[in-house]
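Asks: Numbering (this note's numbering), first residue to last: 799 to 1360.
#1: Closer than 8 Å is the cut-off here; do at least three beta carbon pairs connect the region 1028-1043 with the region 969-980?
#2: Smallest Cα separation from residue 1171: which of 1159, 1069 and 1186?
#3: Taking the alpha carbon of residue 1152 as the point to measure from, which residue in 835, 1160 and 1182 has its own alpha carbon closest?
#4: Could you tell me the distance, in whole angstroms, from the CA atom of residue 1355 to the CA atom of residue 1339?
#5: Residue 1117: buried (16+ other C-beta within 10 angstroms of its C-beta) or exposed?
#6: Do residue 1004 and residue 1065 have their beta-carbon atoms positioned less than 8 Å apart in this structure?
#7: Cβ of residue 879 versus every heavy atom of the ligand SAM: is any distance shorter than 7 Å?
#8: Which residues bound the beta strand (DSSP E) around residue 1177?
#9: Under the three-state reduction of DSSP, which class applies to residue 1355: helix, strand or coil?
#10: Secondary structure at residue 799, three-state DSSP: helix, strand or coil?
#11: Going by CA-CA distance only, name the one from 1180, 1231 and 977 that's closest to residue 902.
#12: Taking the alpha carbon of residue 1048 as the reference point, which residue from 1138, 1305 and 1270 has its own alpha carbon closest?
#13: For residue 868, does the three-state DSSP call read helix, strand or coil?
#14: Taking residue 1077 as the reference, give the member of 1131, 1060 and 1280 with the closest Cα.
#15: Straight-line CA distance for residue 1243 to residue 1176?
#16: Tell me the residue span of the alpha helix (DSSP H) that contains residue 1000.
#17: Below 8 Å CB to CB, which residues in the same chain sit around residue 863 once its five sequence neighbours on both sides are set aside?
#18: Using 8 Å as the threshold, is the region 1014-1023 in touch with the region 1296-1314, meaning 3 or more CB pairs across them?
#19: Are there 16 or more other CB atoms within 10 angstroms of the CB of residue 1147, so buried, or fewer, so exposed?
#20: Applying the 10 Å Cβ sphere with the 16-neighbour rule, what's the burial state of residue 1193?
#21: Please specify which runs of the alpha helix (DSSP H), each continuous and at least 4 residues long, are wholly inside the region 1212-1293, giving them in chain order.
#22: Who are residue 845's beta bridge partners in DSSP?
#23: Hey, could you find the ends of the alpha helix (DSSP H) residue 894 is sitting in?
#24: Rounded to the nearest angstrom, what separates residue 969 and residue 934 at their Cα positions?
#25: With H, G and I counted as helix, E and B as strand and the rest as coil, what does DSSP make of residue 1019?
#26: Would you please state the rounded distance, in angstroms, between the beta carbons of residue 815 and residue 990? I believe it to be under 8 Å.
#27: Do you know how far the Cα of residue 1099 is from the Cα of residue 1024?
#28: In whole angstroms, give me the CA-to-CA distance for residue 1279 and residue 981.
#29: Would you call the region 1305-1312 in contact with the region 1282-1295, where contact means no fewer than 3 C-beta pairs closer than 8 Å?
#30: Excluding the 5 residues preceding and the 5 following residue 1265 in the sequence, name in chain order all residues of the same chain whose CB lies nearer than 8 Å to its CB.
#31: With a cut-off of 8 Å, do at least 3 Cβ pairs link the region 937-952 to the region 868-886?
#32: To which residues of the same chain is residue 811 closer than 7 Å at the C-beta, ignoring the five residues directly before and after it?
#33: By how many angstroms is the C-alpha of residue 841 removed from the C-alpha of residue 1072?
#34: Ignoring anything shorter than 4 residues or poking outside the region 939-985, list the alpha helix (DSSP H) runs there in chain order.
#35: Let me confirm a value: residue 1007 is counted as buried when at least 16 other C-beta atoms fall within 10 Å, else exposed. Which label applies?
#36: Below 8 Å on the Cβ atoms is my contact criterion, and I expect residue 1228 with residue 850 to pass it. Report the Cβ-Cβ distance as a whole number of Å.
Pasting the structure below:
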């Protein structure tokens, strides 16, 4: 690895533990933007500077600076919030943002359209709701995913508690967040330090997930670090550990690629933090700090070797991982409608298309969920598939919840095709600076056109997983879609095919840089063939691999599940 550090490493090193000149940037009323170095540092505080790309050219001609605003992301491990917190977040979105909430694929909320002078009051209001945004972005362990659809309520509670403890343990220790956003005094005495991250934090972002088989709703193999719950006699005995997943890539650069995590062994519950610290600190010390395109854990493992990395993790943790225990996943989507936990309480999973909670036409999700929050006595759980669980509903409260669902048009899950229920999309245009093509705004229309083709072949009820990403960085986890569009240019996408419905096999590039008409004309004969030759319960991606349309990429090693 070259000794020349990337510019971002220099910014981190000189930031005084993430303070930079953020206070000065916020006080500058001449511009709606931050200083360039501060646009990197604010990520660690949970925000990204953006601008409305739809207006760029118009404003350039008018000799105006871009229409800057900020996206703010919460740190909500497992996506669990109380009804009281939901109401406060709703009020914040209305007062400071664009009047919508967005549920992300990492079980966090995002606020969009916050202008610079409202940044501080918005973050203060989020903290007043007993939620923070620390480490929601940046080169740190980000929001921790947790299985959202509980098959066994007690198991879910245990896994959530383990994930929450991990999230807290790996928070940055700098006091900068509290000084800048909450007006707390700088702590004197001993010089500040980061005992786990060090002064320059990690080489790149780091993502962790906790899965509960048989559902892989967190897509655990897409994460840098994963814990797969092993349940024995109704309790969580421990976890299989996975490392090295990640989806960021760059078009045309073969040195970057999506990668599924490897299963490296088993740990007991009391060993979770130690093995996680071993993985994170090894990546801290071994990761590439010269080329940010090659700085994720997946590349460190491929460059150093999985066995060498595992050995170093075990040395740092102080114990040897046990052999992985048997597990099996059957699906990586959500189960919609009402399900009952073993404790007798009920959970209602609602479809939130592309995760956007808004009032649009007959579907008034923002108002409807506000009404539910005022009467609900359980909690809300965001799912990693951009949906929402009204969780822990007492049997006597189900009728009242259903009445609100019907009144506000939140019952889309009862009528939508499986394709529409399972589809994911990132935000993309107009605010994401990396987007090359549409995603969230394009999803509804594109789904309708694909549904037309499916209906023509009698496949409208087929549970096909489709994902759209505006760029190859993969925020919507497109490389695990049976069908996926990865943005290449305005109106043009790479068509990816052949992942499975368990989140254990990557798809492959099928056609490159094509527009909608060619995408649909390419899919149509594949749908016809699938309708004619599929076996019972065979998924579309599995059929494409079996029939030779798509060459199979290696799935997760089967011997670790036998």
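All C-beta atoms, glycine included, are put in the ideal place defined by N, C-alpha and C.
Note that the structure is predicted; figures quoted are calculated from it, not measured.
Replies: Checking against the coordinates, here is how it stands:
#1: no
#2: For this step, residue 1171 is matched to residue 373 along the chain shown. The closest CA to that of residue 1171, considering only 1159, 1069 and 1186, is found on 1186.
#3: Here the question's residue 1152 lines up with position 354 in the chain shown. Taking only the C-alpha atoms, the option nearest residue 1152 is 1182.
#4: Locating residue 1355 in the chain shown gives position 557, counting from the first residue. Locating residue 1339 in the chain shown gives position 541, counting from the first residue. At residue 1355, the pLDDT of 49 sits below 50, so the modelled position is not reliable; the number obtained from the coordinates is stated separately. Distance between the alpha carbons of residue 1355 and residue 1339 is about 18 Å.
#5: On the chain shown, position 319 is the one that residue 1117 refers to. Exposed, because fewer than 16 other Cβ atoms sit within 10 Å of the Cβ of residue 1117.
#6: Stepping through the chain shown from its first residue, residue 1065 is reached at position 267. Stepping through the chain shown from its first residue, residue 1004 is reached at position 206. Not in contact: residue 1065 and residue 1004 (Cβ atoms no closer than 8 Å).
#7: The ligand SAM is not part of the structure shown, which contains no ligands of any sort.
#8: For the purposes of this step, residue 1177 is identified with residue 379 of the chain shown, where counting begins at 1. First-last of the beta strand (DSSP E) with residue 1177: 1177-1180.
#9: Residue 1355 sits at position 557 when you count from the first residue of the chain shown. Its pLDDT being 49, under 50, residue 1355 is placed unreliably by the model, and the measurement read from it follows with that caveat. Looking at residue 1355 - three-state DSSP - the assignment turns out to be coil, as it is neither helix nor strand.
#10: On the chain shown, residue 799 is found 1 positions in, with the first residue counted as 1. Per-residue confidence for residue 799 stands at a pLDDT of 42, beneath the threshold of 50, marking its modelled position as unreliable; the derived number appears in the next sentence. DSSP places residue 799 in coil when its eight states are reduced to three.
#11: Within the chain shown, the letter at position 104 stands for residue 902. Comparing Cα-Cα distances from residue 902 to each of 1180, 1231 and 977, the minimum goes to 1180.
#12: Stepping through the chain shown from its first residue, residue 1048 is reached at position 250. Checked all of 1138, 1305 and 1270; the closest Cα to residue 1048 is 1270.
#13: Numbered from its first residue, the chain shown carries residue 868 at position 70. In the structure shown, residue 868 adopts extended strand secondary structure according to DSSP, grouped into three states.
#14: If you number the chain shown from 1, residue 1077 lands on position 279. For residue 1077, the nearest C-alpha among the options comes from 1060.
#15: In the chain shown, counting from the first residue as 1, residue 1243 sits at position 445. In the chain shown, counting from the first residue as 1, residue 1176 sits at position 378. Cα to Cα, residue 1243 sits roughly 35 Å from residue 1176.
#16: Residue mapping note: residue 1000 aligns to position 202 of the chain shown, counting from 1. No alpha helix (DSSP H) contains residue 1000, which DSSP labels as neither H nor E.
#17: Position 65 of the chain shown holds residue 863. Excluding residues within five positions, the ones whose Cβ falls inside 8 Å are 829, 830, 831 and 857.
#18: When Cβ pairs closer than 8 Å are counted between the two stretches, the region 1014-1023 is seen to touch the region 1296-1314, the count reaching three or more.
#19: Walking along the chain shown from the start, residue 1147 turns up at place 349. It is buried - the Cβ of residue 1147 has at least 16 other Cβ atoms within 10 Å.
#20: Reading the chain shown from its first residue, position 395 is the one you call residue 1193. Exposed, since its Cβ has fewer than 16 Cβ neighbours within 10 Å.
#21: 1216-1220 and 1241-1254
#22: For the purposes of this step, residue 845 is identified with residue 47 of the chain shown, where counting begins at 1. Answer by DSSP bridge pairing, in chain order: 870.
#23: By one-based count along the chain shown, residue 894 stands at place 96. Its alpha helix (DSSP H) spans residues 881-894.
#24: As a first step, residue 969 must be located in the chain shown, where it is residue number 171. As a first step, residue 934 must be located in the chain shown, where it is residue number 136. Those two C-alpha atoms are separated by around 10 Å.
#25: Here the question's residue 1019 lines up with position 221 in the chain shown. Secondary structure of residue 1019 (DSSP, three-state): helix.
#26: Start at 1 with the first residue of the chain shown, and residue 815 comes out as number 17. Start at 1 with the first residue of the chain shown, and residue 990 comes out as number 192. Confirmed, Cβ separation roughly 5 Å.
#27: Position 226 of the chain shown, counted from the start, is the residue given in the question as residue 1024. Position 301 of the chain shown, counted from the start, is the residue given in the question as residue 1099. Straight-line Cα distance between these residues: approximately 15 Å.
#28: The residue given as residue 1279 occupies position 481 in the chain shown. The residue given as residue 981 occupies position 183 in the chain shown. Going from the Cα of residue 1279 to the Cα of residue 981 covers about 45 Å.
#29: yes
#30: Here residue 1265 refers to the residue found at position 467 when the chain shown is read from its first residue. For residue 1265, where only same-chain residues beyond five positions count, the Cβ hits under 8 Å are 1221, 1222, 1223, 1274, 1275, 1276, 1278, 1279, 1281, 1282 and 1283.
#31: yes
#32: Start at 1 with the first residue of the chain shown, and residue 811 comes out as number 13. These residues qualify, in order along the chain: 997 and 998.
#33: Taking the first residue of the chain shown as position 1, residue 1072 is located at position 274. Taking the first residue of the chain shown as position 1, residue 841 is located at position 43. One C-alpha to the other measures close to 27 Å.
#34: Restricted to the region 939-985, the alpha helix (DSSP H) segments that are unbroken, complete and at least 4 residues in length are 951-967 and 974-980, listed in chain order.
#35: Sequence index remark: in the chain shown, residue 1007 carries index 209 (1-based). The residue in question, residue 1007, is buried, as its Cβ has 16 or more Cβ neighbours within 10 Å.
#36: Taking the first residue of the chain shown as position 1, residue 1228 is located at position 430. Taking the first residue of the chain shown as position 1, residue 850 is located at position 52. That pair is a contact at about 5 Å.
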